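**Q** One point on numbering: in our numbering, the residue at position 79 of the sequence shown is 1056, and numbering is uninterrupted. Input: one structure, supplied below.
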Amino acid sequence: MPATEETRLDTRLLNLVFGIVSIGMFVSTIWLLVADHSRKWKDYQRKFQEIENWTLVSRDNEQKTELYTLQETALQAALNRSVVALPPQASIDAFVSQASNFAGGDEVESQVSAVKTAYQSLQDALVDVDVSHEDDQQLQRQANTLLPLREDLFADMDAAIAAVKFLEDNTASKRKFRRADLDAAKSKYDLAVRDAKSGAEKKKVRQSVAAIEEDVAGISSRYEAANEHRKALERIRKDLQAEEKEAEKRLAEFRSTRDQLQRSLADNTAFGRGLLELPIIDAFGRPLKIDQVWLPNLTLNNNFRDVARFDRCVTCHQGIETTAPGSATVPSFPQQQPTVSLAMQTPDAAPESGSDDAVTTQSLYGFELSEHGLVLRTDVLVEFVWPRSVAAKAGLEAGDVITHIRVGGRNEKLVSRSDALRYLTRQVSWGESIELTIRRGYPHPYSSHPRLDLFVGSMSPHKKQEMGCTICHEGQGSATEFKWASHTPNDPQQAERWRKEYGWFDNHHWVLPMQPHRFV
């Protein structure tokens, strides 16, 4: 049959079908990536990141206040005073006497002489220094001037201790080798007894053993004396700098909290992290991802077969084990509490000027409102409360949500930040107290576990990675959507609200539903 260029199917038709299928595949891929980007658990993770970053910024702002500066200045002044204070003469004399009483040779004597000289230099430099001076800047300059002399003194003391330690180590080495000689002599005596040597030969060997034992005893005595001398010198040296070290420790601990906050904020707001969360890119991995805890030793009976339990609850409950800075048990994001009322005193008279509502709020009460809420954008969120201000005395805290303000006998519900500013800065009965209704804490899934000392926390006996969540709370741990996790409502009203907001339903196929809140 002769070859032709004709095909069984029309080429144009094939190209058309191929084009349509390709467009369909492209649209399907885009739809898949969009659907993946908009998964609900990713929304929870993004929202938690926003809450976490806001909390870090708020805590960092707390440490930029006048109170923080005063505390830091006081701790620095305490450190400076410990630096400019002259070490007690009695302690230096005790150190010199202890070191001189040790027969350690010229090296120790030389270091003791250096200690005396360094102390005299420090003493001469402190003649014109006023330790009780209240000028922190002058105190800092004095401390910077005297610190090298103080360090020279302690360096010479360390050198004297090192000289004693060197002699101590040499004595320990001699004792080690002499003990080896003793073991060899004893073995030689045992061989003489075994081989039934004459009495004279055995007596000679016994005398050799006795001489070596006496030598070992003498070396051990010198070693113990050197060891005791060194420890005594170290105790005196440590006591001389104890106040300075304690002041350094308090200042370092005070500053470390802020440093930790700034590092965490820098990590959370890194430019690359934002790129990885963009649509399409986030489909290929971190930082938004499904988190799960694999628990092969805590099995789950599934159709008459025990299978390893794995929980994905932490995919949404990101802050479940997060603790407050400086604590291993205090929740960083406390659970939402019932609303409470606070009474905040207003100034006796209206301010004469000030058109900026935020500044006026700060000047009137000592707190600022955030531009928008965290969990809900319409929440009236307290961004910052100045220490010792009217708001602080009333009990207001950063992170509180103001839900109502009592005005003219009516408890007005706030629906926006502008409402709050109006009731706080303009529609005010000056000289009278304002009653605020606030909501404190964070709702699920953004809150931390309330008892991190017992459950979930890294220092608790029931760590998250060892126990998971469903071992106590039940529910379907493999789910990543609210409706499939088998949450159980606390009452019919909550069930109806869940149906509208989350599409919740009673999944009768899962026989281990989560415990309702009233039973937890």
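Beta carbons: idealized from backbone N, C-alpha and C, even for Gly. Fair warning: this is a prediction, and the values are worked out from it, not measured in the lab.
Taking the alpha carbon of residue 1058 as the point to measure from, which residue in 1115, 1020, 1300, 1018 has its own alpha carbon closest?
**A** Position 81 of the sequence shown, counting from 1, holds the residue named residue 1058. Out of 1115, 1020, 1300, 1018, 1115 has the C-alpha closest to the C-alpha of residue 1058.
**Q** Under 6 Å Cβ to Cβ from residue 1064, same chain only, skipping five residues before and after it: list those, please.
**A** To locate residue 1064, count along the sequence shown from 1; it is residue 87. Closer than 6 Å at Cβ, skipping near neighbours: 1217.
**Q** With a cut-off of 8 Å on the beta carbons, I'd call residue 1403 and residue 1377 a contact; round off their distance for me.
**A** On the sequence shown, residue 1403 is found 426 positions in, with the first residue counted as 1. On the sequence shown, residue 1377 is found 400 positions in, with the first residue counted as 1. Not a contact, Cβ separation roughly 22 Å.
**Q** Per DSSP, residue 1308 is paired with what?
**A** Along the sequence shown, read from residue 1 onward, the residue named residue 1308 stands at position 331. Bridge partners of residue 1308: 1300.
**Q** Can you tell me where the alpha helix (DSSP H) holding residue 1002 begins and where it ends?
**A** Indexing the sequence shown from 1 puts residue 1002 at position 25. Residue 1002 -> alpha helix (DSSP H) spans 988 to 1014.
**Q** Determine the direct distance from the alpha carbon of residue 1022 to that of residue 1343, and round the result to whole angstroms.
**A** The sequence position of residue 1343 within the sequence shown is 366, counting from 1. The sequence position of residue 1022 within the sequence shown is 45, counting from 1. Whole-angstrom Cα-Cα distance: 32 Å.
**Q** At the level of alpha carbons, what is the spacing between residue 1335 and residue 1036?
**A** The residue given as residue 1335 occupies position 358 in the sequence shown. The residue given as residue 1036 occupies position 59 in the sequence shown. Bear in mind that a pLDDT of 45 at residue 1335, under 50, signals an unreliable position, so the number given afterwards is only what the model happens to contain. Whole-angstrom Cα-Cα distance: 19 Å.
**Q** Under 6 Å Cβ to Cβ from residue 1452, same chain only, skipping five residues before and after it: list those, please.
**A** Reading the sequence shown from its first residue, position 475 is the one you call residue 1452. Within the same chain, residue 1452 has close Cβ partners 1462, 1463, 1491.
**Q** Within the same chain, show all residues whose beta-carbon is closer than 7 Å to that of residue 1241, passing over the 5 residues directly before and after it, in chain order.
**A** Here residue 1241 refers to the residue found at position 264 of the sequence shown. 1033, listed in sequence order.
**Q** For the beta strand (DSSP E) that contains residue 1322, what are its first and last residues?
**A** One-based indexing of the sequence shown puts residue 1322 at position 345. Here the beta strand (DSSP E) through residue 1322 covers 1317 to 1322.
**Q** Look up residue 1287 in the DSSP assignment and give the residues it is bridged to.
**A** Here the question's residue 1287 lines up with position 310 in the sequence shown. In DSSP, residue 1287 forms a bridge with 1271.
**Q** Going by alpha carbons, who is nearest to residue 1134 out of 1190, 1159, 1098, 1072?
**A** What you label residue 1134 is simply residue 157 of the sequence shown in a count that begins at 1. Of 1190, 1159, 1098, 1072, the residue nearest in Cα terms is 1072.
**Q** Give the range of the alpha helix (DSSP H) segment to which residue 1414 is assigned.
**A** As a first step, residue 1414 is located in the sequence shown; it is residue number 437 there, counting from the start. Careful: residue 1414 lies outside any alpha helix (DSSP H), inside the beta strand (DSSP E) at 1410 to 1416.
**Q** Is residue 1211 helix, strand or coil when you go by DSSP?
**A** Walking along the sequence shown from the start, residue 1211 turns up at place 234. DSSP places residue 1211 in helix when its eight states are reduced to three.
**Q** Within the continuous beta strand (DSSP E) that includes residue 1039, where are the two ends?
**A** As a first step, residue 1039 must be located in the sequence shown, where it is residue number 62. Here residue 1039 belongs to no beta strand (DSSP E); instead the alpha helix (DSSP H) covers 1017 to 1039.
**Q** Could you name the residues that DSSP lists as bridge partners for residue 1276?
**A** The residue you call residue 1276 lines up with position 299 of the sequence shown. Answer is 1285, bridged to residue 1276.
**Q** By DSSP, does residue 1327 sit in helix, in strand, or in coil?
**A** The count along the sequence shown starts at 1 and reaches residue 1327 at position 350. It is coil, neither helix nor strand.
**Q** Do you know how far the Cα of residue 1188 is from the Cα of residue 1200?
**A** Here residue 1200 refers to the residue found at position 223 of the sequence shown. Here residue 1188 refers to the residue found at position 211 of the sequence shown. Approximately 18 Å between the Cα atoms of the pair.
**Q** Only counting runs of 3 or more residues, tell me where the beta strand (DSSP E) segments fall wholly within the segment 1089 to 1129, in order along the chain.
**A** Qualifying beta strand (DSSP E) stretches: none in this window.
**Q** Measuring alpha carbon to alpha carbon, tell me which of 1095, 1442, 1052, 1487 ends up nearest residue 1273.
**A** Residue numbering aside, residue 1273 sits at position 296 when the sequence shown is read from its first letter. The candidate whose alpha carbon is nearest that of residue 1273 is 1442.
**Q** Distance, Cα to Cα, residue 1146 vs residue 1074?
**A** As a working note, residue 1146 is residue 169 in the sequence shown. As a working note, residue 1074 is residue 97 in the sequence shown. Cα-Cα distance, rounded: 22 Å.
**Q** Hey, could you find the ends of the beta strand (DSSP E) residue 1380 is sitting in?
**A** Taking the sequence shown and counting its residues from 1, the one referred to as residue 1380 is at position 403. First-last of the beta strand (DSSP E) with residue 1380: 1378 to 1384.
**Q** What first and last residue would you give for the beta strand (DSSP E) that runs through residue 1387?
**A** Indexing the sequence shown from 1 puts residue 1387 at position 410. That run of the beta strand (DSSP E) goes 1387 to 1390.
**Q** Would you decide whether residue 1125 is buried or exposed? Buried here means 16 or more other CB atoms lie within 10 Å of its CB.
**A** Counting from 1 along the sequence shown, the entry for residue 1125 is found at position 148. Result: exposed.
**Q** For residue 1443, does the three-state DSSP call read helix, strand or coil?
**A** Indexing the sequence shown from 1 puts residue 1443 at position 466. The answer is helix: DSSP assigns residue 1443 an H, G or I state.
**Q** Around the Cβ of residue 1401, are there at least 16 other Cβ atoms within 10 angstroms (buried) or fewer (exposed)?
**A** The residue you call residue 1401 lines up with position 424 of the sequence shown. With 16 or more other Cβ atoms within 10 Å, it is buried.
**Q** Ignore the nearest five residues each way along the sequence and tell me which others in residue 1466's own chain have a CB closer than 7 Å to its CB.
**A** Numbered from its first residue, the sequence shown carries residue 1466 at position 489. If we look at residue 1466 and ignore the five residues flanking it on each side, its Cβ neighbours are 1472, 1475, 1493.
**Q** The alpha helix (DSSP H) with residue 1346 in it runs from where to where?
**A** Mapped onto the sequence shown, residue 1346 falls at position 369. Looking at the DSSP string, residue 1346 is not in any alpha helix (DSSP H); the run it does join, the beta strand (DSSP E), is 1344 to 1346.
**Q** Name the residue from 1277, 1269, 1227, 1279 whose alpha carbon lies nearest to the alpha carbon of residue 1292.
**A** Looking up residue 1292 in the sequence shown gives position 315. Comparing Cα positions, the closest option is 1269.
**Q** Would DSSP call residue 1400 helix, strand or coil?
**A** To locate residue 1400, count along the sequence shown from 1; it is residue 423. DSSP places residue 1400 in helix when its eight states are reduced to three.
**Q** Quick one: is residue 1317 near chain C, going by C-beta distance under 9 Å?
**A** No chain C appears in this structure, which consists of one protein chain only.
**Q** Taking just the CA atoms, how far does residue 1089 sit from residue 1077?
**A** One-based indexing of the sequence shown puts residue 1077 at position 100. One-based indexing of the sequence shown puts residue 1089 at position 112. Answer to the nearest angstrom: the Cα atoms are 7 Å apart.
**Q** Around the C-beta of residue 1182, are 16 or more other C-beta atoms found within 10 angstroms, so that it is buried, or is it exposed?
**A** For this step, residue 1182 is matched to residue 205 along the sequence shown. Residue 1182 should be labelled buried.
**Q** Please state if the CB of residue 1410 and the CB of residue 1321 are separated by a distance shorter than 9 Å.
**A** On the sequence shown, position 344 is the one that residue 1321 refers to. On the sequence shown, position 433 is the one that residue 1410 refers to. Yes, they are a contact pair.
**Q** Where residue 1430 and residue 1444 are concerned, what is the direct C-alpha to C-alpha distance, given to the nearest angstrom?
**A** Taking the first residue of the sequence shown as position 1, residue 1430 is located at position 453. Taking the first residue of the sequence shown as position 1, residue 1444 is located at position 467. About 14 Å.
**Q** How should residue 1346 be labelled, buried or exposed, when 16 other C-beta atoms within 10 angstroms of its C-beta is the threshold for buried?
**A** As a first step, residue 1346 is located in the sequence shown; it is residue number 369 there, counting from the start. Residue 1346 comes out buried.
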